[in-house]
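Here is the structure we will look at, set down as structure tokens.
Number of protein chains: 2
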Amino acid sequence: MKLSALGEDAVVAALTRALPCGRDVSIGAGDDCAVVGGPRDQWWRLLKTDAVIEGVHFLPDEKPARVGWKALCRAISDIAAMGGIPEHALITLAVRPETKLAWVRGLYAGLRKAARRFGVSIVGGETSRSPGPAFISVALAGRVERTRCVTRSGGRACDAVYVTGRLGGSLARKHLDFTPRIAEARWLVEHFKVRAMMDVSDGLASDLPRLARASKCSYTLDPKLVPRSRGCTIEQALGDGEDFELLFAIAPRDCAKLEAVWRKKFPKLPLTRIGALIRNSSSVIRHSIHGHDHFA
Amino acid sequence: MKLSALGEDAVVAALTRALPCGRDVSIGAGDDCAVVGGPRDQWWRLLKTDAVIEGVHFLPDEKPARVGWKALCRAISDIAAMGGIPEHALITLAVRPETKLAWVRGLYAGLRKAARRFGVSIVGGETSRSPGPAFISVALAGRVERTRCVTRSGGRACDAVYVTGRLGGSLARKHLDFTPRIAEARWLVEHFKVRAMMDVSDGLASDLPRLARASKCSYTLDPKLVPRSRGCTIEQALGDGEDFELLFAIAPRDCAKLEAVWRKKFPKLPLTRIGALIRNSSSVIRHSIHGHDHFA
């Protein structure tokens, strides 16, 4: 069976079954980050790895500094999705031997810019030869207070579902320049009990079902409410992916306060209630748009 | 300027200059692992990333379980080189969509086998599409007691230089099945003041000068003393690389005791004194064999 016939979620499920996992691991494969720490630790450690590949995540003629920014910010976005603080990055780079030093320097300029902006130390990595496309993998470690760590799986039936920003059209515009929502996520976990959270990377149509499934819930979604980037259709907003906005669930009693203070704190970034988690049942309100599958 | 014309060390030097680095980082880019921790912490954290690429580190028809073993054990070997204990691994995998699930399952079987053998938890990772060769990047976190952490840079003039095992011929034989020297390294740092250490991955001819340079020393090396794998020439033992043995420096006064107890503790693994660190000077005893350069 080829991976392309199986689809990404099935491949990941097949591979992450029965992985060796010690008792110090609170959350292993399957969430935005892995979480290391015990029930008495004040701080938990977050671990994440994420790769961008020439021809998949960026085009060969793209400015290397934008590629570097994106490579690090994708991983930072996953730390944000757990409510965490990014700390230490390692960069694995594989490029053709005929690559120009200027290209690699440009890449590192983008990596450094993102690192400085979000307080990340670039502590090492590896440079190797690639016989094919350029490959940049970022490993990022961070931390989060145990009491503030948010997973995908804590949502409950009746929770309201919110998304930040506007969705869709990212590949044509901002996907190389997006801002990971570290500030917003930290503010959220410091002021509210966020029950479940993730970042929207494969499109809401893929990611909301993942959050609901991890929380053992179904969901409702009103596609008309989904905040769209200018010029985008509902289909694009649901399916394009690479938005790197926050998708989260919160108790209905917190909604009024959240919406009021959010507007004051982040006046430029929309926060939109798009649906709800509901009791798991077979009669799910479904939509027909699909998000990004890495092997499709 | 192309990377192939510069050589690996110059590329790494150009890229690692002026990286953002916080005060909690004891050792950034340039050693076997990055080290996070302060002068009062009992344990320091080790971070490492390492990649294997189809067509560079393994052939397309290689058994996937052996590739998985190698991918994780390379990073474990770097943790050993610091005297540390490997703990948590993240796997980044990029493969062609037409890759068979059986291949990826085999790869994970090898990863799991190595993880169990060395007490590593595989806590997550990422699976993506590659338009070219298969790419497996391992990010590994570990820990080491602050007082036992060994870098490349602590060597002093007159220190004796040792290497474990036998060198050379790895690509034809063991490079996919090697045993990272975790047990030996832990024993060394628990019983001796190891001044500088690294693992031999690019060949002694590349790696010994790196250790000496990091320690601001020159070195002597008697090529005739270098322990060779069966059937290997001195040139192969010095230049082949992928040995994943330990190379370390220790005070001369500790040598007699080290050699005596090593033989009892690890009777099957040779330990050989191959040279010494000497005062930095221009009159270095040099040899004409070169190790592996990733861009040459």
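Chains V and C supply the protein sequences, listed in that same order. FYI, in the numbering used here the residues of the first sequence are 1400 to 1695. FYI, in the numbering used here the residues of the second sequence are 1400 to 1695. Note that the Cβ used here is the ideal one computed from N, Cα and C, for glycine as well.
Interface residues of chain V around residue i at Cβ under 9 Å?
i: residue 1499 (chain C); result: 1400, 1401 and 1402
i: residue 1413 (chain C); result: 1500, 1503, 1504 and 1507
i: residue 1455 (chain C); result: 1493, 1527, 1528, 1529 and 1530
i: residue 1569 (chain C); result: Near residue 1569 (chain C) there are no residues of chain V at all, since even the closest Cβ is about 17 Å away, more than 9 Å.
i: residue 1540 (chain C); result: 1435, 1444, 1446, 1538 and 1540
Would you mind telling me which residues of chain V sit closer than 8 Å to residue i, beta carbon to beta carbon, in chain order?
i: residue 1532 (chain C); result: 1529, 1530 and 1531
i: residue 1494 (chain C); result: 1402
i: residue 1549 (chain C); result: Residues of chain V passing the Cβ test: none, with the nearest at roughly 16 Å.
Taking the alpha helix (DSSP H) that residue i belongs to, which residues open and close that run?
i: residue 1711 (chain V); result: Chain V is shown from 1400 up to 1695; residue 1711 (chain V) falls before or after that span and cannot be answered.
i: residue 1463 (chain C); result: 1463-1480
i: residue 1417 (chain V); result: It is not in any alpha helix (DSSP H) - residue 1417 (chain V) carries neither H nor E in the DSSP assignment.
i: residue 1403 (chain V); result: 1402-1405
i: residue 1587 (chain V); result: 1581-1590
i: residue 1662 (chain C); result: 1654-1664
i: residue 1634 (chain V); result: 1633-1638
Grab the span of the beta strand (DSSP E) containing residue i for me, first residue to last.
i: residue 1615 (chain C); result: Segment: none, residue 1615 (chain C) is in no beta strand (DSSP E) and carries neither H nor E.
i: residue 1424 (chain C); result: 1424-1426
i: residue 1543 (chain C); result: 1534-1544
i: residue 1449 (chain V); result: 1442-1452
i: residue 1599 (chain V); result: 1593-1599
i: residue 1672 (chain V); result: 1670-1678
i: residue 1770 (chain C); result: The structure shown does not extend to residue 1770 (chain C), since chain C is modelled only from 1400 through 1695, so no value can be given for it.
i: residue 1486 (chain C); result: 1484-1494
i: residue 1559 (chain C); result: 1559-1563
i: residue 1644 (chain V); result: 1644-1649
i: residue 1435 (chain V); result: 1433-1435
Work out the CA separation of residue j and residue i for me, nearest whole Å.
i: residue 1583 (chain C); j: residue 1406 (chain V); result: 43 Å
i: residue 1541 (chain C); j: residue 1446 (chain C); result: 7 Å
i: residue 1426 (chain V); j: residue 1443 (chain V); result: 10 Å
i: residue 1467 (chain V); j: residue 1642 (chain V); result: 17 Å
i: residue 1496 (chain C); j: residue 1486 (chain C); result: 31 Å
i: residue 1607 (chain C); j: residue 1515 (chain V); result: 34 Å
i: residue 1484 (chain C); j: residue 1475 (chain C); result: 8 Å
i: residue 1571 (chain V); j: residue 1512 (chain V); result: 22 Å
i: residue 1556 (chain C); j: residue 1465 (chain C); result: 40 Å
i: residue 1546 (chain V); j: residue 1628 (chain C); result: 54 Å
i: residue 1621 (chain V); j: residue 1670 (chain V); result: 15 Å
i: residue 1578 (chain V); j: residue 1491 (chain V); result: 22 Å
i: residue 1409 (chain C); j: residue 1462 (chain V); result: 23 Å
i: residue 1523 (chain C); j: residue 1450 (chain C); result: 16 Å
i: residue 1624 (chain V); j: residue 1672 (chain V); result: 8 Å
i: residue 1424 (chain C); j: residue 1521 (chain V); result: 10 Å
i: residue 1591 (chain C); j: residue 1638 (chain V); result: 59 Å
i: residue 1646 (chain V); j: residue 1489 (chain C); result: 24 Å
i: residue 1682 (chain V); j: residue 1411 (chain V); result: Its pLDDT being 45, under 50, residue 1682 (chain V) is placed unreliably in this model, and the coordinates cannot settle the point.
i: residue 1401 (chain C); j: residue 1456 (chain V); result: 24 Å
i: residue 1418 (chain V); j: residue 1471 (chain C); result: 14 Å
i: residue 1533 (chain V); j: residue 1533 (chain C); result: 12 Å
i: residue 1413 (chain C); j: residue 1527 (chain V); result: 14 Å
i: residue 1687 (chain V); j: residue 1453 (chain C); result: Because residue 1687 (chain V) sits at a pLDDT of 49, beneath the cut-off of 50, its placement in the model cannot be relied upon, and the following sentence gives the value as read from the coordinates. Computed Cα separation, rounded: 38 Å.
i: residue 1636 (chain C); j: residue 1422 (chain V); result: 41 Å
i: residue 1580 (chain C); j: residue 1619 (chain C); result: 24 Å
Which bits of chain C does residue i rub up against, with CB to CB less than 7 Å?
i: residue 1705 (chain V); result: Residue numbering for chain V in the displayed model covers 1400 to 1695; residue 1705 (chain V) lies beyond these limits and cannot be assessed.
i: residue 1590 (chain V); result: What residue 1590 (chain V) touches in chain C: nothing, since even the nearest Cβ is about 26 Å away.
Hey, does residue i have any beta-carbon neighbour from chain B nearer than 8 Å?
i: residue 1639 (chain V); result: In the structure shown, chain B cannot be found, because the protein chains are V and C.
Find the residues of chain C that neighbour residue i, judging by a C-beta separation of less than 9 Å, and give them in chain order.
i: residue 1405 (chain V); result: 1500
State yes or no: is the C-beta of residue i nearer than 7 Å to some heavy atom of the ligand ATP?
i: residue 1530 (chain C); result: Among the components modelled here there is no ligand, and therefore nothing to report on the ligand ATP.
Mind listing the chain C neighbours of residue i? Cutoff is C-beta to C-beta under 8 Å, in chain order.
i: residue 1524 (chain V); result: 1428 and 1448
i: residue 1489 (chain V); result: 1433, 1446, 1447, 1448 and 1538
Would you call the region 1606-1614 of chain C and the region 1498-1516 of chain C touching, i.e. three or more CB-CB distances under 8 Å?
no
Residues of the region 1595-1613 of chain V whose Cβ lies closer than 9 Å to any Cβ of chain C, in chain order
Those residues of the region 1595-1613 of chain V that come within reach of chain C (Cβ to Cβ, closer than 9 Å) do not exist; the list is empty.
Please list the residues of the region 1451-1478 of chain V that have a C-beta atom closer than 7 Å to any C-beta atom in chain C, keeping them in chain order.
1452, 1454 and 1455
With three or more C-beta pairs closer than 8 Å as the rule, is the region 1467-1482 of chain V touching the region 1431-1439 of chain C?
no
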